[in-house]
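Okay, so the sequence shown: first residue is 14 according to the working numbering, each after it adds one. From the three backbone atoms N, C-alpha and C, an ideal C-beta is built for every residue, glycine too. Report on the following structure.
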Amino acid sequence: MLWACILLPQLALDCVLRGRDDAEQPLVLLSGPATRRVLQAVNPAARALGLRAGQSLTAAQALAQGFNMVEHDAAATEQQQQLLAAWAYRFSSQVSLHYPRAVLLEVESSLGLFGPWPQFEARLRAELTALGFRHRIVLASNPVAARMLANAYDGLAATDAETTRAALAAMPIDRLGLPAEAATAFGRMGLRQLDQVLALPRETLARRFAAAVQLHLDRLLGQRAMALDCYLPPDRFEARLELNFDVESSQALLFPLRRLVGDLAAFLAGRDAGVQRFNLFLQHAEGPDTLLQVGLLAAERDAGRLLELARGRLEQLTLRAPVRTLRLTAEELPAFVPQASELFSARPQQQHSWEQLRERLRARLGDEAVRGVGLVADHRPECAWRSDGPALSPASGNQAPRPGWLLAEPRAVAPASVRLLAGPERIESGWWDGGDVRRDYYRVETDSGLRGWAYFHSGERDVLWLQGWFA
């Protein structure tokens, strides 16, 4: 098997930066007790000021001013690693979070689907970059080797056991994941690289070091397998994003909303699922949360479409108080069935399908403002339709040409003012409900080129009644 390790060297910092639109400003993560605050991580702008991870906050403030500080949130970091596992699950059924700040996935069985490794790796990198995570990727013949090689390499592809062993042999001892006391002991013995350790007799190592050291070395070389707990995606999605200041405008919420919806789309793709409704909670400093419900008539997972629908609902909302946190949840995740389309579609790419248009209108106008039209078995045009609840698909009519726009009431016109194009079509109906009609319908055209649908009452030719317009 071949295992890829995606190492996330700045995961905690990326968790904060990906939710901010001022990522270029100096930023540090803080940890430690109140008596000794320490810089957990720094972004490039803060590093340019001379700040570094491990520095005390007192020393950092003496060295530079004007940098932003955010408390390190271990729970948020763990949540983001779970999200990345869900994203990786779309590429492999064997995904593991055995190591912190890393995602392991078995990829040999996926190469037939996603192409040769260089192409597969490029796709992984592109999607990780779009999600906002810095990364290193290494390929090796076993998961332990892949993880340890990622400490020193990025882009290495060791596609067999021999190549993996050769790459490991040149690795520094202190970067192989050995227990700290064992790495220190090897260093005092003058052993700096793995190949020097492997040159020692196995019996000598067994006498001088704990069994865990030899076990780790065997796993590195693929001589003993390590049991990994494989990731299984949950049945619901929940993500939370703290804002770096109180937001008083719905427009300012669009950037973090885009990130949350992108995370939802990545999660859905990993589960091969869609979403038909999700909830957006706007959490305020005081008072209850504001709940924004987004519902769709069919399961969807495209990030752009989901964002457009959520944005339409959000823009209609008047914030009653500043927003401090966004939280997005999705409980129902039905299977996603892509919309069928013709191989050579005549529809221009810039045009929207009926499904997209329907959802956009519902988001802008409200769920009840967009309704379907159902057909009724009645020949009278004014009685042949009904409002049929939420619009699911365009209603189909009978085979005879009918206007797309019926007037609320027929309008009298002089017969000489229009030209008869086709007809007559006789409609006699309604005797059973007291609305008996006898009409002769014609397709007509006005002097300005408009085409309509009009009728004479049976036996009368003096007045023509216009009832609708064709598109």
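Looking at residue i: is its Cβ nearer than 7 Å to the Cβ of residue j?
| i | j | result |
| --- | --- | --- |
| G443 | W466 | no |
| Y112 | R160 | yes |
| D302 | F294 | yes |
| L506 | G63 | As shown, the chain starts at 14 and ends at 484. That puts residue 506 outside it, with no answer to give. |
| L42 | A58 | no |
| V260 | V350 | no |
| L70 | N56 | no |
| T177 | A195 | no |
| T338 | Q296 | yes |
| V307 | R326 | yes |
| P428 | Y455 | no |
| L241 | S109 | yes |
| S105 | L118 | yes |
| A153 | L162 | yes |
| G235 | N155 | yes |
| R452 | I440 | yes |
| L218 | Q227 | yes |
| V120 | A238 | no |
| S263 | E328 | yes |
| V476 | A425 | yes |
Sorted by chain position, which residues of the same chain lie with C-beta nearer than 6 Å to residue i's C-beta, five sequence neighbours on each side aside?
| i | result |
| --- | --- |
| I19 | V116, H148 and I150 |
| F483 | P416 and R464 |
| F280 | A99 and F250 |
| E175 | none |
| L211 | none |
| L30 | A36 |
| L245 | none |
| A493 | No statement about residue 493 is possible, as the shown extent of the chain runs from 14 to 484 and does not include it. |
Excluding the 5 residues flanking residue i on each side, which residues of the same chain have their C-beta closer than 7 Å to its C-beta?
| i | result |
| --- | --- |
| L207 | L181, A182, M184, I186 and L189 |
| T197 | none |
| L124 | W130 and F133 |
| A316 | V274, G275 and A278 |
| A435 | Y455 and R456 |
| C28 | A89, T90 and Q93 |
| F268 | D34 |
| R205 | P185 and I186 |
| M82 | V41 and L43 |
Tell me, please, which residues DSSP counts as bridged to residue i.
| i | result |
| --- | --- |
| A252 | L341 |
| H470 | R452 |
| F280 | Beta-bridge pairing links F280 to no other residue. |
| G465 | V457 and W482 |
| L477 | V426 |
| V151 | C18 |
| S69 | V51 |
| R432 | E458 |
| E261 | E261 pairs with nothing; no bridge assigned. |
| R290 | G308 |
| V41 | V55 and M82 |
| L419 | G481 |
| A196 | DSSP output for A196 lists no bridge partner at all. |
| A170 | L152 |
| E441 | R451 |
| Q206 | P185 |
When the Cα of residue i is compared with those of the options, which residue comes out closest?
| i | options | result |
| --- | --- | --- |
| Y166 | L21, Q94, L213 and A193 | L21 |
| L320 | L277, Q236 and H229 | L277 |
| L270 | D34, V83 and W16 | D34 |
| S430 | Q74, T459 and A323 | T459 |
| E473 | V450, V457 and S461 | V450 |
| Q23 | R201, R114, R324 and L281 | R114 |
| V274 | A54, A323 and A99 | A323 |
| D86 | F258, A135, R220 and R253 | R253 |
| E255 | T90, R221, G447 and A72 | T90 |
| L15 | S122, A311, E395 and L141 | S122 |
| L164 | T172, L191, T142 and E140 | Checking the sequence shown, residue 164 turns out to be Asn, not Leu. Out of T172, L191, T142 and E140, L191 has the C-alpha closest to the C-alpha of N164. |
| R49 | Q38, R318 and G67 | G67 |
| P414 | H392, V426, R424 and E422 | H392 |
| A348 | R340, A282 and A298 | A282 |
| L230 | R399, Q209 and E299 | Q209 |
| G168 | F146, R138 and A193 | R138 |
| A61 | Q38, L144 and R221 | Q38 |
| L144 | F258, T331, L330 and G32 | G32 |
Does any residue of chain D have a CB that is nearer than 7 Å to the CB of residue i?
| i | result |
| --- | --- |
| Q236 | Absent from the structure: chain D. Only one protein chain is present. |
Give every residue of the same chain whose Cβ lies closer than 8 Å to the Cβ of residue i, excluding the five residues on either side of it in the sequence, and list them in chain order.
| i | result |
| --- | --- |
| E345 | V288, Q289 and R290 |
| Q363 | Caution is warranted here: a pLDDT of 47 is assigned to Q363, below 50, making its placement in the model unreliable, and the coordinate value is therefore given only provisionally. Taken in chain order, the list of residues that qualify is empty. |
| A54 | Q23, A25, L26, V41, L42, A66 and H85 |
| G300 | R333 and A334 |
| R215 | Q227 |
* Length at least 4, wholly inside the segment 293-352: the alpha helix (DSSP H) runs in chain order -> 316-328
* Where in the segment 85-148 do unbroken runs of the beta strand (DSSP E), each at least 3 residues long, occur, reported from the N-terminal end onward? -> 115-119
* To do: Could you name each continuous alpha helix (DSSP H) segment of 4 residues or more that falls completely within the segment 208-248, going from the start of the chain to the end?
  => You should have 215-221 and 224-233.
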